Amino acid sequence: MRQNNKKLTFKGGVHPNDAKHYNKDKSIERLPYPEKLIIALSQGTGKPSVLTKEVGDKVRRGEVIATPSGAIGNIIVSPADGTIAEVISITLPQSIESPAVVIKTDNPGKIPGDDDFVKIDQNQTPLEMIKSAGIVGMGGAGFPTHIKYSIPNDKKCEFFIVNASECEPCLCADYRLLIEKADECIKGIIECAKILSVRSVFLALEDNKSDALDKVDKALDNNRELMTQNNVQIDVKVLKTKYPQGDEKNLVKVLTKREVPSGKFPLDAGVIISNLGTCYAVYEAIYKQKPLMERVVSVTGDAIKTPKNVLSPLGATAEDLIRFSDGFIEDPEKMISGGPMMGFSFFNTETPVVKTTSGLTFLKKAYNAKSTPCISCGRCVNACPMHLLPTRLFKLIKAGKYQEAMDENLMDCRECGCCEFICPSNIDLVQGFKFGKKMGRMSK
Amino acid sequence: MTEPHIHISASPHIHSKKSRSVQTIMLYVIIALLPTTIWGIISFGYKAAIVIVTAMLASVLTEFLIDKFLKHNTESIKDLSAVVTGLLIALNLSSEVPLYVPIIASIFAIAVCKMAFGGLGNNFANPAIGGRLFVMFSFASAMTRYATPRFLLSESVIYPTVSAATSAATSMATSAATSVATSAATSMATSAATSAATSMATSAATSVVTSAATGVVTSATSAATAVVEGANVLLSGATPLSYIKSAGAGMGALETLESAGYPFTAFAEKVGSALHINPYYVDAFFGNIGGSIGEVSAFLLIIGAVFLLCKKVISYHIPVSYLASFMLLTWVTGGNPIYGVLTGGIMLACLFMATDMVTTPITHKGQIIFGIGCGFLTYFFRSFASLPEGASIAILMMNVATPLIDKYTHPRVMGHKKGGAK
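Heads up: the sequence lines are chains B and P, in that order.
So for the first sequence, the working numbering puts the first residue at 4; every next one is plus one.
So for the second sequence, the working numbering puts the first residue at 3; every next one is plus one.
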């Protein structure tokens with residue numbers, strides 16, 4: 004079942020300190036209801052959802068408060084009993100302006116229960132249940148899962164990859180799920196595979212999470228019957244710990260030897276990839292009729308006093324989580340939504356948890372070295388998992404040659420940050436690429 | 003909550019501890035060059051130290067002045083690249099050069115090869131190589147006068163075996179007999195070191211006595227003695243490579259040295275006989291041969307390069323492909339690949355100058371092409387050009403070819419077909 008002989012990996016990448024020690028061994032704790040929740044209406048890919056309630060309305064936990072406004076979007080439910088206090092506009096760490104609903108909770112300080120919520124309709128197909136639960140890709144992209152799992156007729160999904168590699172330093176949300184809820188995760192994975200009618204499933208994790216393997220094996224044994232019934236085969240794949248091992252294009256290449264064509268989705272290579280957290284949410288939606296209204300958030304970093312893995316209701320603010328983790332050892336210079344490699348820095352502790360917030364990282368010191376000229380050392384070239392020439396792209400963008408940069412496949416850049424991480428000249432490559440992509444799109 | 007100093011920036015928010023700055027890289031290069039630098043000073047004396055310090059000071063000062071008066075920003079001086087350039091220039095010079103040579107080389111390297119193109123990162127040619135070649139062609143005679151390394155001047159130095167000495171003596175005697183005593187003495191002076199000259203002169207004298215050319219012998223002896231003083235100070239053109247070069251085809255490198263009476267150390271003799279290798283290899287490997295300050299000890303250069311490899315400052319691609327192609331070509335054409343690599347500037351050039359990041363291709367594939375090109379060109383320059391050395395010019399030419407190599411060695415971007423990337 005499990006492959007231990009050879010550790011799989013890709014070409015390129017970097018080895019940042021994985022810094023998982025902060026909360027690797029902290030079991031998931033539930034955050035009590037804060038006084039208010041700030042629910043961003045933009046919770047993933049697509050336009051912000053539209054509020055279906057009015058200010059002043061009473062809402063129950065699990066009750067739908069917003070529905071998608073376009074083809075791509077997700078349903079948002081209230082994570083707590085309470086009253087809709089106001090609609091405000093907030094800026095998410097991704098620099099996205101989003102309308103948000105402020106819900107005044109009825110029972111601040113109370114710990115949420117396991118089944119005190121409005122259940123989703125059971126008489127639906129599993130795919131519809133996923134839609135009703137408002138599940139999106141919880142690894143960070145936030146693409147609505149029900150859309151991802153609706154495979155068009157002209158495409159075929161041959162492999163389903165469950166991404167539990169969590170290569171981002173500091174974050175432990177998926178790891179803790181595997182440790183504590185392995186059985187539920189496996190059930191969720193089987194449900195997903197059923198929806199996709201896929202036989203071949205890979206559960207991919209990095210070897211720094213091999214402690215979870217025993218739990219996974221046990222869970223697989225427990226669900227052996229369910230797997231044979233549904234003709235699902237789950238292979239656990241242990242990958243080398245290297246960043247960005249969990250990037251979907253790398254994962255597809257490593258596990259299936261296929262390449263996702265440029266500008267296309269994994270499905271174009273016959274693969275669907277979901278984050279482990281998503282599979283767990285699918286389990287909850289199908290087995291417990293529970294909509295997505297809370298998620299595991301790693302509160303971590305060297306500035307936080309007690310790093311924790313928090314099961315936090317959506318809409319809880321960074322402030323709530325910081326307080327729950329006993330505050331700071333010293334004031335951080337950098338606050339990041341997500342991990343230190345790909346996370347987004349923010350300055351407002353009112354920033355809420357959204358469906359894609361896998362962690363909040365607080366660093367004592369911000370790395371802030373001055374850029375010096377590029378010496379063409381080629382480290383970025385060797386680190387780039389997409390095999391681009393970061394230094395060349397950056398020089399083109401700096402010279403304003405956006406179209407040329409696009410011709411040299413700037414759009415294939417995943418913004419994983421390997422190039423900048425390794426750059427001895429401390430050049431802000433990723434920022435340059437984000438800018439270049441924007442300019443390139445505009446000039447098209 | 004108060005947010006005293008919250009930084010906002012694009013990801014990533016952490017940075018590799020292993021490649022913090024350009025300054026660190028340059029510092030590593032300097033550290034890697036230290037062993038061979040120190041050996042150069044031990045071997046060639048205080049003059050070598052003066053050349054090194056002069057070149058480094060001249061480089062740094064040139065960059066500082068250009069920064070200050072033309073760029074109005076002296077930040078770049080901190081990256082230590084000027085120090086590296088100065089050091090490399092000095093290591094590529096003979097310790098006997100007049101001091102204006104390192105100064106002019108450094109000024110040319112920094113001002114013309116580097117700063118004129120926009121400073122570090124924008125230069126197309128390796129500044130140290132540019133500077134070196136500039137003085138090599140400008141002051142050719144000063145550049146080819148080499149000091150004898152200290153350990154070849156010591157008492158315990160061993161001269162090629164008796165039979166060789168006798169045959170040399172015999173040949174000399176013959177020439178003496180045809181009354182070209184002066185030329186014999188000159189050839190002896192150019193070939194042998196101090197005491198060797200004396201002993202050979204004696205043996206020559208003895209053998210000549212037996213051949214009964216008494217009158218000529220006297221003049222030969224006196225001529226030899228006169229030249230001995232000169233040989234004591236300098237062996238002009240005495241690098242092993244120049245011997246091999248002047249010997250031309252038809253004679254192996256080691257035989258050439260042997261018949262020329264080139265000495266080797268007692269240490270080399272001991273190690274050589276223990277390991278059954280020719281002592282000339284041992285001396286060339288450890289650095290007891292004539293040459294530029296920093297190029298003589300292949301051993302210490304390799305140690306430095308291994309340090310840089312471990313620190314991931316350089317990759318193995320260029321040195322390996324460079325040496326491999328050079329040795330292969332030498333071997334195929336009947337030369338001595340090992341001695342060829344151990345002598346002359348090729349080790350220093352291929353480990354420390356061909357691996358300069360700025361002026362070499364950026365992909366490993368490109369670096370291999372670059373290395374092979376360097377190896378081939380070095381071979382051709384050494385074999386067919388008028389100069390004994392070729393590594394510097396070879397690297398310079400490949401520096402020029404680097405943008406072209408880069409253009410045709412784009413890696414295939416994931417998800418694209420081969421050649422899909424422009």
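C-beta: ideal position from N, C-alpha, C; glycine also.
From a predicted model like this one, the values you see are computed outputs, not experimental measurements.
{"Check": "Short CB-CB distance (under 8 Å) between Pro14(P) and chain B", "Outcome": "yes"}
{"Check": "Under 8 Å between C-beta atoms of Asp214(B) and Val241(B)", "Outcome": "no"}
{"Check": "Enclosing alpha helix (DSSP H) for Ile102(B) [first to last residue]", "Outcome": "For clarity, residue 102(B) is Pro in the given sequence; the question names Ile instead. Premise fails: Pro102(B) lies in the beta strand (DSSP E), 100-108, not in any alpha helix (DSSP H)."}
{"Check": "Those residues which DSSP pairs with Lys311(B) across a bridge", "Outcome": "Val302(B)"}
{"Check": "Three-state secondary structure (DSSP) of Pro51(B)", "Outcome": "coil"}
{"Check": "Proximity of Lys308(B) and Phe327(B) at Cβ, strictly below 8 Å", "Outcome": "no"}
{"Check": "Contacting positions in the region 332-362 of chain P - beta carbon closer than 7 Å to chain B", "Outcome": "Met359, Val360"}
{"Check": "Closest by C-alpha distance to Lys27(B), when choosing among Pro376(B), Arg444(B), Gly304(B), Gly145(B)", "Outcome": "Gly304(B)"}
{"Check": "Assigned secondary structure, Ser277(B) (DSSP; H/G/I helix, E/B strand, else coil)", "Outcome": "strand"}
{"Check": "Three-state secondary structure (DSSP) of Arg414(P)", "Outcome": "coil"}
{"Check": "Residues near Lys440(B) in its chain [Cβ-Cβ closer than 7 Å; skip 5 each side]", "Outcome": "Leu413, Met414"}
{"Check": "Reference Asn166(B); option with closest CA among Cys173(B), Ser30(B), Val255(B), Gln236(B)", "Outcome": "Val255(B)"}
{"Check": "Beta-carbon neighbours of Arg382(B), restricted to chain P and to distances below 7 Å", "Outcome": "Ser21"}
{"Check": "The region 100-116 of chain P contacting the region 134-142 of chain P, beta-carbon criterion three pairs below 8 Å", "Outcome": "yes"}
{"Check": "Chain P contact residues for Ser315(B), given Cβ-Cβ distances below 9 Å", "Outcome": "What Ser315(B) touches in chain P: nothing, since even the nearest Cβ is about 18 Å away."}
{"Check": "Reference Phe269(P), options Ser21(P), Leu325(P), Asp285(P), closest by Cα", "Outcome": "Asp285(P)"}
{"Check": "Any C-beta of chain B under 8 Å from that of Gly232(P)", "Outcome": "For Gly232(P), the predicted structure reports a pLDDT of 38, less than 50, and the residue's modelled location is therefore unreliable. A value from the coordinates is still provided. Taking Cβ atoms only, chain B never reaches closer than 8 Å to Gly232(P), which makes this a no."}
{"Check": "Where the beta strand (DSSP E) containing Gln236(B) begins and where it ends", "Outcome": "236-242"}
{"Check": "Start-to-end residues for the beta strand (DSSP E) that takes in Ile164(B)", "Outcome": "162-166"}
{"Check": "Alpha-carbon to alpha-carbon, Thr411(P) and Thr404(P)", "Outcome": "10 Å"}
{"Check": "Below-8 Å beta-carbon distance, Leu122(P) vs any chain B residue", "Outcome": "yes"}
{"Check": "Coil, strand or helix - Ser365(B) by DSSP", "Outcome": "Before going on, a small fix: residue 365(B) reads as Phe here, not Ser. Here Phe365(B) sits in strand by DSSP."}
{"Check": "Val329(B) at chain P interface by Cβ criterion, 8 Å", "Outcome": "A small correction: the amino acid at residue 329(B) is Asp; Val does not occupy that position in the sequence shown. So no, Asp329(B) is outside the interface."}
{"Check": "Pro100(P): contacting residues in chain B (beta-carbon distance under 7 Å)", "Outcome": "Near Pro100(P) there are no residues of chain B at all, since even the closest Cβ is about 33 Å away, more than 7 Å."}
{"Check": "Cross-chain neighbours of Ala372(B) in chain P, by beta carbon under 8 Å", "Outcome": "His17, Arg22, Ser23"}
{"Check": "Interface flag, Cys377(B) vs chain P, CB-CB below 8 Å", "Outcome": "yes"}
{"Check": "Continuous beta strand (DSSP E) stretch holding Leu208(B): start and end", "Outcome": "203-209"}
{"Check": "Beta-bridge partners of Ile339(B), as assigned by DSSP", "Outcome": "Ser348(B), Thr364(B)"}
{"Check": "Inter-residue spacing [alpha-carbon to alpha-carbon] between Lys398(B) and Gly373(P)", "Outcome": "26 Å"}
{"Check": "8 Å Cβ cutoff, Asn412(B) in contact with chain P", "Outcome": "yes"}
{"Check": "Contacting residues, own chain, Cβ-Cβ under 6 Å from Ser185(P) (five flanking each side not counted)", "Outcome": "Because the pLDDT of Ser185(P) is 39, which lies under 50, any placement of that residue in the model is unreliable, and the number read from its coordinates should be weighed accordingly. Cβ within range, chain order: n/a, list empty."}
{"Check": "Residue-chain proximity (Ile339(B), chain P), Cβ-Cβ < 8 Å", "Outcome": "yes"}
{"Check": "Per-residue contacts from Asp69(P) into chain B (C-beta, under 8 Å)", "Outcome": "In chain order: nothing, as chain B lies at least about 13 Å away."}
{"Check": "Any C-beta of chain P under 8 Å from that of Met4(B)", "Outcome": "In this prediction, Met4(B) scores a pLDDT of 47, lower than 50, which makes its location untrustworthy; the coordinate-derived value is nonetheless stated afterwards. Not one chain P Cβ lies under 8 Å of Met4(B)."}
{"Check": "The region 360-371 of chain B touching the region 334-346 of chain B, judged by at least three CB pairs closer than 8 Å", "Outcome": "yes"}
{"Check": "Which of helix, strand or coil DSSP assigns to Ser388(P)", "Outcome": "coil"}
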